[in-house]
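Student: These protein sequence lines map, in sequence, to chains A and B. Residue 175 in full-length UniProt numbering sits at position 175 of the first sequence; the count goes up by one each step and never skips. Residue 271 in full-length UniProt numbering sits at position 271 of the second sequence; the count goes up by one each step and never skips. Ideal placement from N, C-alpha and C gives every residue a C-beta, glycine not left out. The structure displayed is predicted, hence computed values, not measured ones.
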Amino acid sequence: LNHIVEQVKLLDRFSNKSVTGTLHLTATHLIFVESNSTSAQEIWILHHHIASVEKLSLTTSGCPLLIQCRNFRLVHFVIPRERDCHDIYSSLLRLLRPVSYDELYAFSYNPKQNDQQREEGWQLIDLAAEFERMGVPCDQWQLTDVNREYKVCKTYPRDVYVPITASKPIIVGSSKFRSKGRFPVLTYFYQEKKAAVCRCSQPLSGFSARCLEDEHMLQAISKANHNSRYIYVMDTRPKLNALANRAAGKGYENEDNYSNIRFQFVGIENIHVMRGSLQKLLEGVGTRSLSMTDYLVGLENSGWLRHIKAIMDAAIFLAKAVTVEGASVLVHCSDGWDRTAQVCALGSLLMDPYYRTIKGFMVLIEKDWISFGHKFADRCDQLDPDPKEVSPIFTQFLECVWQLTEQFPQAFEFSEWFLIQIHEHVHSCQFGNFLGNSQRQREDLQLKERTYSLWAHLLSENQNYLNPLFSPSFAESHPVLEPSTQAYHFKFWRNMYNQYDRSMHPRQSILKHVLTLQESNRELEGTVQALKTKLQKFGVNTSPLKPQTPPRECSLPPRPQSLILGAPLLSRKEVQQEEDEEVFGEEAREDAPASTGGERTVEGSSATENSYGELMGSFGSKNEPGVVTLEFGVARMTC
Amino acid sequence: MELSEHIKTANVEAVTLRRPFHPALRGTLCVTSHHLLFSDRKDEASRQLLILIKNIDAIEKSVENLFGYPRAVGSSGTITIKCKDLLVLQLEIPGMEECLNIASSIEVLNIVITSHRQKERLLWDRWRVSKVNSDYSVCPSYPSAVIVPREVDDDKLIRSARFRQGGRFPVLSYCHHRNGMVIMRSSQPLTGANKKRCKEDELLLQAVIDGSELGYIIDLRSAQQAQQARMTGGGFESKSCYSHWKRIHRHHERGKVVQESLIKLVEVCSDPSHTVDRWLSKLENSKWLSHVHSALSTAGLVVECVERDGHSVLVHGSEGTDNTLLVSSLAQLILDPASRTVTGFLCLLEREWIQAGHPFQQRCAHSVYSHARLKQECPSFLLLLDCVWQVWRQFPLALEFSEALLLRLAQEVYASNYGTFLCNSEQERCAAGVKENTHCLFQSLLKPDIEEQYLNPLYEPTDLAIWPSVHPQSLQLWTGMFLRWTKHAQNMEEAREEVWRIVKEHRERAGPDRTNNTLSTHCDTLTPFENLMDELTIL
Numbered sequence: 001l002n003h004i005v006e007q008v009k010l011l012d013r014f015s016n017k018s019v020t021g022t023l024h025l026t027a028t029h030l031i032f033v034e035s036n037s038t039s040a041q042e043i044w045i046l047h048h049h050i051a052s053v054e055k056l057s058l059t060t061s062g063c064p065l066l067i068q069c070r071n072f073r074l075v076h077f078v079i080p081r082e083r084d085c086h087d088i089y090s091s092l093l094r095l096l097r098p099v100s101y102d103e104l105y106a107f108s109y110n111p112k113q114n115d116q117q118r119e120e121g122w123q124l125i126d127l128a129a130e131f132e133r134m135g136v137p138c139d140q141w142q143l144t145d146v147n148r149e150y151k152v153c154k155t156y157p158r159d160v161y162v163p164i165t166a167s168k169p170i171i172v173g174s175s176k177f178r179s180k181g182r183f184p185v186l187t188y189f190y191q192e193k194k195a196a197v198c199r200c201s202q203p204l205s206g207f208s209a210r211c212l213e214d215e216h217m218l219q220a221i222s223k224a225n226h227n228s229r230y231i232y233v234m235d236t237r238p239k240l241n242a243l244a245n246r247a248a249g250k251g252y253e254n255e256d257n258y259s260n261i262r263f264q265f266v267g268i269e270n271i272h273v274m275r276g277s278l279q280k281l282l283e284g285v286g287t288r289s290l291s292m293t294d295y296l297v298g299l300e301n302s303g304w305l306r307h308i309k310a311i312m313d314a315a316i317f318l319a320k321a322v323t324v325e326g327a328s329v330l331v332h333c334s335d336g337w338d339r340t341a342q343v344c345a346l347g348s349l350l351m352d353p354y355y356r357t358i359k360g361f362m363v364l365i366e367k368d369w370i371s372f373g374h375k376f377a378d379r380c381d382q383l384d385p386d387p388k389e390v391s392p393i394f395t396q397f398l399e400c401v402w403q404l405t406e407q408f409p410q411a412f413e414f415s416e417w418f419l420i421q422i423h424e425h426v427h428s429c430q431f432g433n434f435l436g437n438s439q440r441q442r443e444d445l446q447l448k449e450r451t452y453s454l455w456a457h458l459l460s461e462n463q464n465y466l467n468p469l470f471s472p473s474f475a476e477s478h479p480v481l482e483p484s485t486q487a488y489h490f491k492f493w494r495n496m497y498n499q500y501d502r503s504m505h506p507r508q509s510i511l512k513h514v515l516t517l518q519e520s521n522r523e524l525e526g527t528v529q530a531l532k533t534k535l536q537k538f539g540v541n542t543s544p545l546k547p548q549t550p551p552r553e554c555s556l557p558p559r560p561q562s563l564i565l566g567a568p569l570l571s572r573k574e575v576q577q578e579e580d581e582e583v584f585g586e587e588a589r590e591d592a593p594a595s596t597g598g599e600r601t602v603e604g605s606s607a608t609e610n611s612y613g614e615l616m617g618s619f620g621s622k623n624e625p626g627v628v629t630l631e632f633g634v635a636r637m638t639c
Numbered sequence: 001m002e003l004s005e006h007i008k009t010a011n012v013e014a015v016t017l018r019r020p021f022h023p024a025l026r027g028t029l030c031v032t033s034h035h036l037l038f039s040d041r042k043d044e045a046s047r048q049l050l051i052l053i054k055n056i057d058a059i060e061k062s063v064e065n066l067f068g069y070p071r072a073v074g075s076s077g078t079i080t081i082k083c084k085d086l087l088v089l090q091l092e093i094p095g096m097e098e099c100l101n102i103a104s105s106i107e108v109l110n111i112v113i114t115s116h117r118q119k120e121r122l123l124w125d126r127w128r129v130s131k132v133n134s135d136y137s138v139c140p141s142y143p144s145a146v147i148v149p150r151e152v153d154d155d156k157l158i159r160s161a162r163f164r165q166g167g168r169f170p171v172l173s174y175c176h177h178r179n180g181m182v183i184m185r186s187s188q189p190l191t192g193a194n195k196k197r198c199k200e201d202e203l204l205l206q207a208v209i210d211g212s213e214l215g216y217i218i219d220l221r222s223a224q225q226a227q228q229a230r231m232t233g234g235g236f237e238s239k240s241c242y243s244h245w246k247r248i249h250r251h252h253e254r255g256k257v258v259q260e261s262l263i264k265l266v267e268v269c270s271d272p273s274h275t276v277d278r279w280l281s282k283l284e285n286s287k288w289l290s291h292v293h294s295a296l297s298t299a300g301l302v303v304e305c306v307e308r309d310g311h312s313v314l315v316h317g318s319e320g321t322d323n324t325l326l327v328s329s330l331a332q333l334i335l336d337p338a339s340r341t342v343t344g345f346l347c348l349l350e351r352e353w354i355q356a357g358h359p360f361q362q363r364c365a366h367s368v369y370s371h372a373r374l375k376q377e378c379p380s381f382l383l384l385l386d387c388v389w390q391v392w393r394q395f396p397l398a399l400e401f402s403e404a405l406l407l408r409l410a411q412e413v414y415a416s417n418y419g420t421f422l423c424n425s426e427q428e429r430c431a432a433g434v435k436e437n438t439h440c441l442f443q444s445l446l447k448p449d450i451e452e453q454y455l456n457p458l459y460e461p462t463d464l465a466i467w468p469s470v471h472p473q474s475l476q477l478w479t480g481m482f483l484r485w486t487k488h489a490q491n492m493e494e495a496r497e498e499v500w501r502i503v504k505e506h507r508e509r510a511g512p513d514r515t516n517n518t519l520s521t522h523c524d525t526l527t528p529f530e531n532l533m534d535e536l537t538i539l
């Protein structure tokens with residue numbers, strides 16, 4: 001299986017531009033290589049990223065093939081011969097529906113690491129340590145072994161934390177009264193007020209059923225917090241949906257049966273509504289020569305931003321109840337793995353600055369999404385082709401975080417490219433982290449032995465994802481984020497949903513530029529240090545300079561700790577200090593202008609990409625425009 | 001009658017002031033001829049407030065004791081002041097009479113109250129400066145000197161002016177150095193219903209393209225509107241009479257429609273109760289972003305003609321004083337690196353807006369809060385600033401100036417201590433003695449040093465054209481302007497300061513010569529790096 005088709009045209013989605021090149025179909029990727037061009041653009045599309053392939057009707061120039069990807073890329077090829085087109089089409093159809101997990105890319109992907117490195121990658125995130133950081137176990141909360149063998153709840157992790165007063169019979173009884181056995185467990189502990197965020201699924205209350213153990217369970221959660229007499233129970237569904245569930249023997253907590261609970265609906269729509277909404281959004285922003293009116297009307301009609309706001313509102317409610325009232329909160333939806341995960345994760349992010357760092361954000365995803373059984377395989381359509389299970393729940397969470405980064409430019413250690421890269425890999429099936437629907441299933445698949453961890457990969461290139469404006473002192477002055485939920489703060493995330501339509505992106509990036517300056521600042525500082533060491537060897541006192549340098553060192557934002565590979569800058573600085581003889585050589589290298597940083601995609605801006613109007617070709621456009629070749633602020637995506 | 005005679009009550013004690021970001025303050029309120037001054041008589045600057053009377057767009061009063069109910073504490077009233085820079089503040093004034101007096105003084109003063117350099121561009125052999133309008137008789141809204149093709153004499157200009165609305169005959173706006181192509185601007189030709197023609201006007205345009213095969217006329221009206229204009233004496237350049245010119249119609253809203261857009265936009269921005277859906281629908285309904293979109297698209301089209309196709313362009317709408325200037329100045333910003341510096345941008349405004357006769361007085365008499373009936377108001381200039389901001393968003397390194405300069409200009413154009421934006425044309429300014437009696441805003445912005453807040457820390461000049469994307473996804477609401485009095489603005493301000501800090505640190509370390517930045521000031525002090533190098537060489 002290795003098709004090569006030449007003379008394939010790639011059409012631009014929004015203009016009349018097209019480029020010609022060669023199409024390669026390999027076991028893992030579809031690759032387009034532009035021919036006869038100095039820049040020789042290459043497009044790599046992972047088979048797992050392809051959501052649909054469509055063969056359009058034959059045209060004079062060939063057979064069009066339309067490929068839609070889960071990372072919102074849309075490519076339109078025109079293949080000269082219909083036969084070739086058909087071959088590619090039918091091969092892709094076969095490839096994009098893997099029948100077993102073994103066929104997924106993660107099981108064949110090898111980043112040239114040995115077993116030990118791979119293991120270290122998997123050990124990066126330790127949830128037990130994370131609960132310890134929160135202050136659990138403590139006098140009120142303990143680790144229970146009731147789910148050690150996944151006997152009580154198949155979709156929960158082995159280790160769960162419950163109130164100290166909740167005995168095993170209570171837990172087991174409560175789990176029998178909860179949908180899919182997902183009984184109330186701790187997910188975040190707000191140490192300052194000893195308030196807990198717990199999560200579960202809906203109770204099987206029907207119209208009148210009750211369960212004493214479940215009532216005891218909630219009582220135990222309430223008693224574990226002396227600061228508040230009551231706990232909040234947040235049902236993240238719209239009330240109508242919860243009512244409808246009662247007819248199916250499910251439902252919500254009856255305030256009369258539970259002592260001291262405050263029950264609250266928050267009205268986030270279900271996975272089907274969200275799927276439809278994203279569909280509409282993408283249709284809207286994918287239209288050619290879109291007018292401003294159509295764009296805004298499309299945005300409104302999709303309802304997407306309304307749903308984003310609903311999730312944000314719920315998270316803010318949660319954070320306020322915990323941090324202001326000091327009350328514990330129990331969050332659930334239907335099964336407690338979609339909306340519940342969104343609200344718990346986003347709420348914790350608002351309350352705890354740690355989750356706004358690169359490492360902390362990984363921990364947060366690992367805890368609230370992966371370990372508590374968000375069904376990544378189903379939602380992201382990894383294996384089982386059930387279109388009714390697919391839904392952009394996790395994407396919405398990432399978008400909520402992005403909306404927060406827009407409101408608080410200094411609060412996050414990472415930039416939006418970190419979020420986009422995570423999104424890319426949730427769908428790529430290149431790493432083991434997001435495969436399967438639950439921890440149990442992941443263990444069965446032996447992912448830790450057979451695949452690699454995304455987190456190690458991301459940390460190794462974390463300099464690509466840094467937010468240069470991140471300020472740790474902001475976290476000190478704003479430990480709890482209080483975002484505004486005014487409608488105008490909810491913006492369309494162009495860099496996500498139009499991430500491959502590069503003609504839409506800003507042509508110069510503040511982010512990249514400031515990062516480069518920062519890096520260059522550090523390098524210069526390193527050189528100064530090296531020169532100083534050298535001077536000291538000659539016995540020269542450099543004290544006149546001292547008052548200038550140390551304060552600057554302090555004012556630098558701290559470099560995030562790199563756990564595996566070590567920040568490349570750090571090692572280079574050390575090298576500089578060791579190799580005294582090389583100082584002049586090094587310094588000559590430092591002379592290079594500040595703009596030489598790393599690997600960046602270069603993109604120009606030109607009139608042709610923008611289609612300003614109806615300039616007819618009748619007078620023959622003369623030579624091509626002077627294209628601005630400026631830095632383009634996109635961290636290069638690896639497929 | 002002196003202005004001060006309109007002031008009924010000049011001083012009131014124990015007034016409470018409420019405004020965004022500040023706790024309520026008690027202090028003294030003074031009304032002077034041009035200002036409203038509030039102070040709590042302490043030294044801190046943040047506890048004082050100085051507002052130009054001219055900046056006040058609307059004033060609303062509510063007096064609690066209006067209906068004569070007796071109250072032990074005595075009556076009081078509240079004045080809500082809505083400014084043209086969109087600030088809204090409240091003053092609680094003890095005493096009904098004082099309250100009404102203050103309000104009426106401000107209203108009266110607001111009604112009663114009602115400097116320049118010229119930079120010539122490089123002229124080619126083909127162009128000359130004409131003084132035909134030196135007494136403003138040929139075109140009252142043009143400056144005394146204009147640039148026209150060398151081979152067209154003043155008589156022909158006079159005849160062409162008679163054929164153009166308001167006498168605005170085609171003049172040079174910009175000459176593109178790379179290929180010698182030009183952007184001209186004018187008003188619509190007065191062809192009328194029976195298709196009049198004017199030989200001199202045709203010759204004038206022929207002289208513009210001079211041998212080159214073709215020029216483009218960008219008509220800022222739809223083809224239908226241009227047709228309709230003939231009924232009222234206006235019209236367009238027909239293919240048969242101007243055979244070497246190709247006409248392209250692009251529809252642009254103007255006048256009242258744009259003003260109403262702005263009013264709707266500010267209204268929706270200041271109502272915090274909207275749901276997301278309602279917000280989007282009202283934002284769409286205001287159409288403001290559609291105006292931004294079409295202005296940038298047409299400017300892009302003009303640049304495409306000049307830079308990519310290598311043809312000259314004539315831009316006009318009907319009067320040639322609003323959208324025409326908007327499009328021609330945006331095109332220059334995209335094309336010309338010189339217009340992206342602070343000085344260059346202010347020169348551009350001077351040439352393309354002030355001297356070109358944008359009627360500032362009429363257009364900016366009132367802003368969005370005013371209850372006055374709309375006459376000639378239209379925020380064309382604000383639309384320009386918005387478009388410039390959009391370009392900056394897409395090319396954050398390409399402009400030397402910052403958003404703060406745009407905001408300052410947005411404020412000055414409605415209410416100013418300076419004479420720059422006074423009157424409607426050079427003729428009026430001359431008659432009113434503006435140059436002799438007022439100071440120039442641009443001069444004060446530029447001298448002796450441009451304030452740091454008006455500079456873009458990341459500026460890196462580029463010689464190339466900066467083509468903005470005009471996809472709706474690439475355009476955004478100018479939050480810095482329209483949401484400037486919300487809490488959101490403060491986080492952004494802190495982030496901007498952080499960028500400055502990093503840039504300064506870099507300049508200090510790398511030294512001014514390596515930053516490519518012409519504006520670095522400390523050339524005489526050595527960086528620590530250079531100091532060390534010096535010492536090493538000595539050794």
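Could you list which residues in chain A have their beta carbon closer than 7 Å to that of B/W279, in chain order?
Tutor: Residue numbering aside, residue 279 of chain B sits at position 279 when the second sequence is read from its first letter. Neighbours of B/W279 on chain A, chain order: A487, Y488.
Student: Look up B/D135 in the DSSP assignment and say whether it is helix, strand or coil.
Tutor: Indexing the second sequence from 1 puts residue 135 of chain B at position 135. Coil, per DSSP.
Student: Chain A beta carbons: is any one of them nearer than 8 Å to that of residue 541 of chain B?
Tutor: Coverage of chain B is limited to positions 1 through 539, which leaves residue 541 of chain B absent and any answer about it impossible.
Student: Can you grab the Cα-Cα spacing for the pair A/L278 / A/F72, in whole Å?
Tutor: In the first sequence, the residue the question calls residue 278 of chain A occupies position 278. In the first sequence, the residue the question calls residue 72 of chain A occupies position 72. If you take the alpha carbons of A/L278 and A/F72, they lie about 11 Å apart.
Student: Roughly how many whole angstroms lie between the Cα atoms of B/C241 and B/N194?
Tutor: Here residue 241 of chain B refers to the residue found at position 241 of the second sequence. Here residue 194 of chain B refers to the residue found at position 194 of the second sequence. Within the model, the alpha-carbon separation for B/C241 versus B/N194 is close to 14 Å.
Student: Just checking: is the beta-carbon of A/Y612 within a distance shorter than 8 Å of some beta-carbon in chain B?
Tutor: Counted from its first residue, the first sequence places residue 612 of chain A at position 612. True, the Cβ-Cβ gap to chain B drops below 8 Å.
Student: So is B/Y456 in contact with chain A if we call contact Cβ pairs under 8 Å?
Tutor: Within the second sequence, residue 456 of chain B is the residue found at index 456, counting from 1. Reading the sequence as shown, one finds Asn at residue 456 of chain B and not Tyr. B/N456 does not count as touching chain A.
Student: How should A/V99 be labelled, buried or exposed, when 16 other C-beta atoms within 10 angstroms of its C-beta is the threshold for buried?
Tutor: Working through the first sequence from its first residue, we reach residue 99 of chain A at position 99. Exposed is the call here.
Student: A/N498 CB to nearest chain B CB: under 8 Å?
Tutor: For the purposes of this step, residue 498 of chain A is identified with residue 498 of the first sequence, where counting begins at 1. Chain B, which has a Cβ nearer than 8 Å to the Cβ of A/N498, makes this yes.
Student: Applying the 10 Å Cβ sphere with the 16-neighbour rule, what's the burial state of A/R559?
Tutor: Walking along the first sequence from the start, residue 559 of chain A turns up at place 559. The predicted model places A/R559 with a pLDDT of 34, which falls under 50 and marks its position as unreliable; any figure quoted below should be read in that light. So A/R559 ends up on the exposed side.
Student: Of all Cβ atoms in chain A, is any one closer than 8 Å to the Cβ of B/N491?
Tutor: Working through the second sequence from its first residue, we reach residue 491 of chain B at position 491. Closer than 8 Å: yes.
Student: Report the partner residues of residue 679 of chain A according to the DSSP bridge assignment.
Tutor: The question about residue 679 of chain A has no answer, for chain A in this structure spans 1 to 639.
Student: Between A/H427 and chain B, is the shortest Cβ-Cβ distance under 8 Å, so that the two count as touching?
Tutor: Counting from 1 along the first sequence, the entry for residue 427 of chain A is found at position 427. No, because no Cβ of chain B sits closer than 8 Å to the Cβ of A/H427.
Student: Which residue comes first and which comes last in the beta strand (DSSP E) that contains B/Q48?
Tutor: Within the second sequence, numbered from 1, the residue matching residue 48 of chain B stands at position 48. 48 to 52 is the span of the beta strand (DSSP E), which, as asked, contains B/Q48.
Student: Report the neighbours of B/T341 on chain A: residues whose CB is nearer than 8 Å to its CB, in chain order.
Tutor: As a first step, residue 341 of chain B must be located in the second sequence, where it is residue number 341. None at all; the shortest Cβ gap to chain A is about 17 Å.
Student: Do A/H24 and A/L46 have their C-beta atoms within less than 8 Å of each other?
Tutor: Counting from 1 along the first sequence, the entry for residue 24 of chain A is found at position 24. Counting from 1 along the first sequence, the entry for residue 46 of chain A is found at position 46. No, the Cβ-Cβ distance between A/H24 and A/L46 is not below 8 Å.
Student: With distances taken Cα to Cα, identify the nearest neighbour of B/E92 among B/E13, B/L283, B/K447.
Tutor: On the second sequence, residue 92 of chain B is found 92 positions in, with the first residue counted as 1. For the residues B/E13, B/L283, B/K447, the minimum Cα distance to B/E92 belongs to B/E13.
Student: Can you tell me where the alpha helix (DSSP H) holding A/Y89 begins and where it ends?
Tutor: By one-based count along the first sequence, residue 89 of chain A stands at place 89. 82 to 95 is the span of the alpha helix (DSSP H), which, as asked, contains A/Y89.
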